[in-house]
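Note sheet for the following structure.
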Amino acid sequence: DTGVSQDPRHKITKRGQNVTFRCDPISEHNRLYWYRQTLGQGPEFLTYFQNEAQLEKSRLLSDRFSAERPKGSFSTLEIQRTEQGDSAMYLCASSTNRVPNSPLHFGNGTRLTVT
Amino acid sequence: DAKTTQPTSMDCAEGRAANLPCNHSTISGNEYVYWYRQIHSQGPQYIIHGLKNNETNEMASLIITEDRKSSTLILPHATLRDTAVYYCIVRPPLEAGNNRKLIWGLGTSLAVNP
Numbered sequence: 047d048t049g050v051s052q053d054p055r056h057k058i059t060k061r062g063q064n065v066t067f068r069c070d071p072i073s074e075h076n077r078l079y080w081y082r083q084t085l086g087q088g089p090e091f092l093t094y095f096q097n098e099a100q101l102e103k104s105r106l107l108s109d110r111f112s113a114e115r116p117k118g119s120f121s122t123l124e125i126q127r128t129e130q131g132d133s134a135m136y137l138c139a140s141s142t143n144r145v146p147n148s149p150l151h152f153g154n155g156t157r158l159t160v161t
Numbered sequence: 005d006a007k008t009t010q011p012t013s014m015d016c017a018e019g020r021a022a023n024l025p026c027n028h029s030t031i032s033g034n035e036y037v038y039w040y041r042q043i044h045s046q047g048p049q050y051i052i053h054g055l056k057n058n059e060t061n062e063m064a065s066l067i068i069t070e071d072r073k074s075s076t077l078i079l080p081h082a083t084l085r086d087t088a089v090y091y092c093i094v095r096p097p098l099e100a101g102n103n104r105k106l107i108w109g110l111g112t113s114l115a116v117n118p
């Protein structure tokens with residue numbers, strides 16, 4: 047199965063620490079998205095890349111958050127100085143612009159717990 | 005804010021059809037209707053999408069009303085593994101160059117019972 051892969055699946059960290067998550071999209075997909083989901087809520091958009099360019103960022107993405115996709119393949123999401131409110135599931139998705147209205151395909155997320 | 009409204013929860017007997025409604029009364033002419041589902045502790049899974057014609061694939065059927073203000077996702081023979089939260093989302097075509105993000109509501113929690 048060559049679906050979207052996220053690592054790690056779970057991360058527990060202490061408040062104030064930095065964390066980094068990785069996403070490997072479906073190989074032929076040039077679009078990559080990060081979403082955040084808290085318990086009982088739908089996913090919330092964080093940011094979007096087309097190839098290596100970060101084209102859109104949500105206001106939810108404070109200056110403690112940074113995302114990169116340096117070679118247009120995998121992406122990383124870093125959270126600096128984590129806070130308890132950052133506890134959530136972080137979801138990555140990818141899609142292609144070669145198929146009109148191609149749906150997003152999601153990974154199984156990284157669950158972050160900040161203690 | 006999400007542009008769709010869905011019932012909070014539904015039940016369905018195993019082997020029967022599950023019909024999940026969605027209202028999207030403010031949908032624009034070029035916006036598509038997408039359905040995803042999310043099984044506990046997993047990422048959302050794409051099911052189906054459509055513009056105005058009914059659509060069917062190996063997972064489900066999508067029925068969109070003629071005025072496009074509502075739609076129904078049909079799982080023809082529900083199994084226990086279909087127990088999940090089902091999200092209905094409207095989205096403009098990517099080629100429009102705007103609003104690439106999906107805006108999610110709370111979805112419908114479907115319980116398939118033996």
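Protein chains in written order, with this note's numbering: chain C, 47 to 161; chain G, 5 to 118.
The beta-carbon is built from N, C-alpha and C at its ideal position, and this holds for glycine as well.
Restricting to Cα atoms, I'd like to know which of the options is closest to residue i.
| i | options | result |
| --- | --- | --- |
| lysine 56/G | Gly109/G, Ala88/G, His28/G, Asp86/G | His28/G |
| histidine 151/C | Ala115/G, Val89/G, Ile51/G, Ser65/G | Ile51/G |
| alanine 99/C | Thr48/C, Ser119/C, Glu124/C, Pro54/C | Ser119/C |
| proline 149/C | Thr76/G, Glu18/G, Tyr36/G, Ala64/G | Tyr36/G |
| arginine 157/C | Val50/C, Gly49/C, Thr48/C, Pro54/C | Pro54/C |
| glutamine 46/G | His75/C, Thr159/C, Gln52/C, Gly155/C | Gly155/C |
Kindly say whether residue i, judged by its beta-carbon, lies nearer than 7 Å to any beta-carbon of chain G.
| i | result |
| --- | --- |
| leucine 137/C | yes |
| glycine 131/C | no |
| asparagine 76/C | no |
| glutamine 91/C | Checking the sequence shown, residue 91/C turns out to be phenylalanine, not glutamine. Yes, phenylalanine 91/C lies at the interface with chain G (some Cβ there is under 7 Å from its Cβ). |
| glycine 153/C | yes |
| asparagine 147/C | yes |
Show which residues of chain G have a CB atom less than 9 Å away from the CB atom of residue i.
| i | result |
| --- | --- |
| leucine 150/C | Tyr38, Tyr40, Pro48, Tyr50, Leu106 |
| glutamine 87/C | Trp108, Leu110 |
Which bits of chain C does residue i rub up against, with CB to CB less than 7 Å?
| i | result |
| --- | --- |
| leucine 66/G | Within 7 Å Cβ-Cβ: nothing; leucine 66/G doesn't reach chain C, min ~13 Å. |
Any C-beta of chain C sitting closer than 7 Å to the C-beta of residue i?
| i | result |
| --- | --- |
| glycine 54/G | no |
#### Entry: Residues within the region 21-49 of chain G neighbouring chain C, beta-carbon criterion of under 9 Å
Tyr36, Tyr38, Tyr40, Gln42, Ser45, Gln46, Gly47, Pro48, Gln49
### Query
With contact counted as at least three CB pairs below 8 Å, one residue from each stretch, are the region 15-22 of chain G and the region 121-137 of chain C in contact?
no
### Query
Do three or more CB pairs link the region 58-75 of chain G to the region 113-124 of chain C at distances below 8 Å?
no
### Inter-stretch contact at 8 Å, needing at least 3 Cβ pairs: the region 135-151 of chain C / the region 79-98 of chain C
yes
### Query
Residues in the region 67-95 of chain G with C-beta within 9 Å of chain C's C-beta atoms, listed in sequence order?
Val89, Tyr91, Ile93, Arg95
### Query
Should the region 5-19 of chain G be called in touch with the region 103-112 of chain C, which here means at least 3 C-beta pairs below 8 Å?
no
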